[in-house]
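Following: one structure in structure tokens, then a few remarks.
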Amino acid sequence: TFSAVYAAGGGGTLATEMSKLPPTEAIFGALLGINPAKVILGLLPASAISSIPHSAIVTMTARTWFPTIFAPAFMKSLHIVFYAGAAIVFVGAIISIFREPLKKSRAEKVDKPSTIDNSELSDKAVKMKR
Numbered sequence: 487t488f489s490a491v492y493a494a495g496g497g498g499t500l501a502t503e504m505s506k507l508p509p510t511e512a513i514f515g516a517l518l519g520i521n522p523a524k525v526i527l528g529l530l531p532a533s534a535i536s537s538i539p540h541s542a543i544v545t546m547t548a549r550t551w552f553p554t555i556f557a558p559a560f561m562k563s564l565h566i567v568f569y570a571g572a573a574i575v576f577v578g579a580i581i582s583i584f585r586e587p588l589k590k591s592r593a594e595k596v597d598k599p600s601t602i603d604n605s606e607l608s609d610k611a612v613k614m615k616r
């Protein structure tokens, strides 16, 4: 945004303040429709604002200026994240194809009928009561 502020005619004072803007604040502000340039201009002292040409202030506070300078960097990062995610999913799918099946779980073993004779069970039950 530093070069974009200079290109809009904002000068060094505003460019320095814009470069201090936290990226997270800029992202959420843009998604909520808040123009961080307006907020920063509101925080600057009147002497600093008076040194900025009026045409530059009008340009930077317009609805399209901040999204225009913000979108290319954001979209590039978003593409990288989606490509990395797709690659991870693809590798996971390939690994999943070649893995061995899971062994039977403990729950499946419990559901099988027992091969113990019922007479043995009654003898054990009697012994447990004593």
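Residue numbers (the numbering used here): 487 to 616.
Heads up, the beta-carbon is just placed ideally off N, CA and C, and yes, glycines get one too.
From a predicted model like this one, the values you see are computed outputs, not experimental measurements.
CA-to-CA distance, residue j to residue i, given in whole angstroms
i, j, result
"A523", "I581", "48 Å"
"V567", "I520", "25 Å"
"A579", "H565", "21 Å"
"P587", "L517", "45 Å"
Backbone secondary structure at residue i - three-state DSSP
i, result
"G519", "coil"
"A579", "helix"
"P621", "In the structure as shown, the chain begins at 487 and stops at 616. Residue 621 is therefore absent and cannot be evaluated."
"T550", "coil"
Closest residue to residue i among the options (Cα-Cα distance)
i, options, result
"I513", "S537, A570, P558, P587", "P558"
"T510", "A570, R585, F560", "F560"
Exercise. Does the region 517-533 come close enough to the region 542-550 to have 3 or more Cβ pairs within less than 8 Å?
Worked result: yes
Exercise. Would the region 535-544 and the region 571-579 be scored as touching if the rule is three or more Cβ pairs under 8 Å?
Worked result: The region 535-544, when compared against the region 571-579, does not touch it at the 8 Å Cβ threshold.
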